[in-house]
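Read the structure below first, then the notes.
Numbering (the working numbering), first residue to last: 50 to 348.
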């Protein structure tokens, strides 16, 4: 595939369905606040687009990456225990919300690979969702959906780069079931939650908050030694701030990641970022805007 990025707008996907659940939590609401911040205080050349035209495709991909029993549970609420494995109390809006977040990741993938550029989605609640269950505030796995969409568009070598505070065991569960060794997951975490056993070129590093920035540098250096990737899906969790990583290190991480991506078509999803502790939603929005601003500056 040709990997010459088109320098143009940074398209980011979002719509009101991202907050469709009755369950109110940072994961189910922060996309609305971030989108509003981009209206009130624009970052050039960002453009927000609605991914709802891809809802039907999103449902097909969800059915491919997740078990029929689990998808039915999320859609209908039955069985309730399975429907609530994401940790959210079930309501019909949970399915609407999760489908929208997946559609956004697929739309960003189409935009990135069709136009040879970078793109993003204000999607969260993804990387702990496994083939047959949710977990850790994650319902459907938008990262796995993006990987599948990229494959359908002809991408061979694909990297899932996960720098959230928690490991992406759900993503790895789906990768190991559904994809071949040309799909690689590189994961740096400051938490033992949802860890997984790497195989092939994939890599998982569990580190302390103080060692996080250096571990990210080493992980990106490692990924740079691998055969070139056609597409990168970045899980840009900012919940490392909730775990004690400094804002300075978070800023450096975003610069390192965008430099590493270079001219490879790539997308980002928001991933974790919470008001836990002394933080406010304004803090969370500001942290996520660091990713958006860095990617916009390179567009």
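For every residue, glycine included, the Cβ atom is placed at its ideal position computed from N, Cα and C.
Checklist entry - For the candidate residues 125, 166, 110, whose alpha-carbon lies nearest to that of residue 346? => result What you label residue 346 is simply residue 297 of the chain shown in a count that begins at 1. Each of 125, 166, 110 was checked against the Cα of residue 346, and the nearest Cα belongs to 166.
Checklist entry - What separation, rounded to the nearest whole angstrom, lies between the Cα atoms of residue 246 and residue 340? => result On the chain shown, position 197 is the one that residue 246 refers to. On the chain shown, position 291 is the one that residue 340 refers to. Rounded to whole angstroms, residue 246 to residue 340 spans 28 Å at the Cα level.
Checklist entry - Looking at C-alpha atoms only, which residue of 184, 317, 105 is the closest neighbour of residue 172? => result Taking the chain shown and counting its residues from 1, one reaches residue 172 at position 123. Ranked by Cα distance from residue 172, the options 184, 317, 105 are led by 317.
Checklist entry - How do the region 207-218 and the region 153-162 stand: do at least 3 beta-carbon pairs fall below 8 Å, yes or no? => result Because the criterion of three Cβ pairs below 8 Å is not met, the region 207-218 and the region 153-162 do not touch.
Checklist entry - For the region 86-174, which segments carrying the alpha helix (DSSP H) assignment without a break, of at least 4 residues, lie completely within its bounds, in sequence order? => result As for any alpha helix (DSSP H) of minimum length 4 sitting wholly inside the region 86-174, the runs are 104-114, 117-125, 129-132, 141-164, ordered along the chain.
Item to check | First and last residue of the uninterrupted alpha helix (DSSP H) at residue 218 | outcome: If you number the chain shown from 1, residue 218 lands on position 169. Secondary structure note for residue 218: its alpha helix (DSSP H) is the uninterrupted segment 218-227.
Next on the checklist: Rounded to the nearest angstrom, what separates residue 78 and residue 243 at their Cα positions?
Outcome noted: As a position in the chain shown, residue 78 is number 29, starting the count at 1. As a position in the chain shown, residue 243 is number 194, starting the count at 1. When only Cα atoms are considered, residue 78 and residue 243 end up about 23 Å apart.
Checklist entry - Do three or more CB pairs link the region 177-192 to the region 211-219 at distances below 8 Å? => result Taking one beta carbon from each stretch, the region 177-192 and the region 211-219 have 3 or more pairs nearer than 8 Å; the two touch.
Next on the checklist: On the DSSP bridge list, what partners appear for residue 315?
Outcome noted: Position 266 of the chain shown, counted from the first residue, corresponds to residue 315. For residue 315, the pairing in a beta bridge is given by DSSP as 167, 281.
Item to check | Reduced DSSP category for residue 78 - H, G, I as helix; E, B as strand; rest coil | outcome: Translated into the one-based positions of the chain shown, residue 78 becomes position 29. Residue 78: helix per DSSP, three-state reduction.
Checklist entry - How would you call residue 233, buried or exposed, if buried means at least 16 neighbouring beta carbons within 10 angstroms? => result Translated into positions along the chain shown, residue 233 becomes position 184. Classification of residue 233: buried, given that the 10 Å Cβ count is 16 or more.
Checklist entry - For residue 185, which of helix, strand or coil comes out of DSSP? => result Translated into positions along the chain shown, residue 185 becomes position 136. DSSP places residue 185 outside both helix and strand once states are collapsed to three, so it counts as coil.
Next on the checklist: Closest to residue 286 by C-alpha separation, out of 142, 303, 271, 273, would be which residue?
Outcome noted: On the chain shown, residue 286 is found 237 positions in, with the first residue counted as 1. Residue 303 is the option with its Cα nearest to residue 286.
Checklist entry - By the 10 Å Cβ neighbour count, where 16 or more other Cβ atoms means buried, how is residue 321 classified, buried or exposed? => result Mapped onto the chain shown, residue 321 falls at position 272. Under this definition residue 321 is a buried residue.
Checklist entry - Taking the continuous beta strand (DSSP E) assigned at residue 207, which residues delimit it? => result Residue 207 sits at position 158 when you count from the first residue of the chain shown. For residue 207, the uninterrupted beta strand (DSSP E) segment begins and ends at 207-211.
Next on the checklist: So, with DSSP's three-state summary, where would you put residue 66?
Outcome noted: As a first step, residue 66 is located in the chain shown; it is residue number 17 there, counting from the start. Looking at residue 66 - three-state DSSP - the assignment turns out to be helix.
Checklist entry - In angstroms, rounded to a whole number, what distance separates the CA positions of residue 177 and residue 192? => result Your numbering for residue 177 matches position 128 in the chain shown. Your numbering for residue 192 matches position 143 in the chain shown. Using only the alpha carbons, I get a separation of about 10 Å.
Item to check | Where residue 315 falls, given that 16 or more other Cβ within 10 Å makes a residue buried | outcome: Against the chain shown, residue 315 aligns to sequence position 266. Buried is the call here.
Checklist entry - So, helix, strand or coil for residue 55, using DSSP? => result In the chain shown, residue 55 corresponds to position 6, counting from 1. Because the pLDDT at residue 55 is just 49, under 50, the model does not fix this residue reliably, and the value given afterwards should be weighed accordingly. The answer is coil: DSSP assigns residue 55 none of H, G, I, E or B.
Checklist entry - DSSP beta-bridge partners for residue 61? => result By one-based count along the chain shown, residue 61 stands at place 12. Answer is 97, 169, bridged to residue 61.
Next on the checklist: Am I right that residue 60 and residue 111 are in contact with their C-beta atoms under 8 Å? What's the rounded C-beta distance?
Outcome noted: To locate residue 60, count along the chain shown from 1; it is residue 11. To locate residue 111, count along the chain shown from 1; it is residue 62. The distance from the Cβ of residue 60 to that of residue 111 is about 22 Å, inconsistent with a contact at the 8 Å cut-off.
Checklist entry - Shortest alpha-carbon distance to residue 69 belongs to which of 80, 145, 87, 269? => result By one-based count along the chain shown, residue 69 stands at place 20. It is 145.
Checklist entry - Taking the C-alpha atoms as reference points, what is the distance between residue 215 and residue 240? => result On the chain shown, position 166 is the one that residue 215 refers to. On the chain shown, position 191 is the one that residue 240 refers to. Straight-line Cα distance between these residues: approximately 5 Å.
Next on the checklist: Using DSSP's beta-bridge definition, name the partner residues of residue 411.
Outcome noted: Residue 411 cannot be examined here, being either before or after the span of the chain that is shown, 50 to 348.
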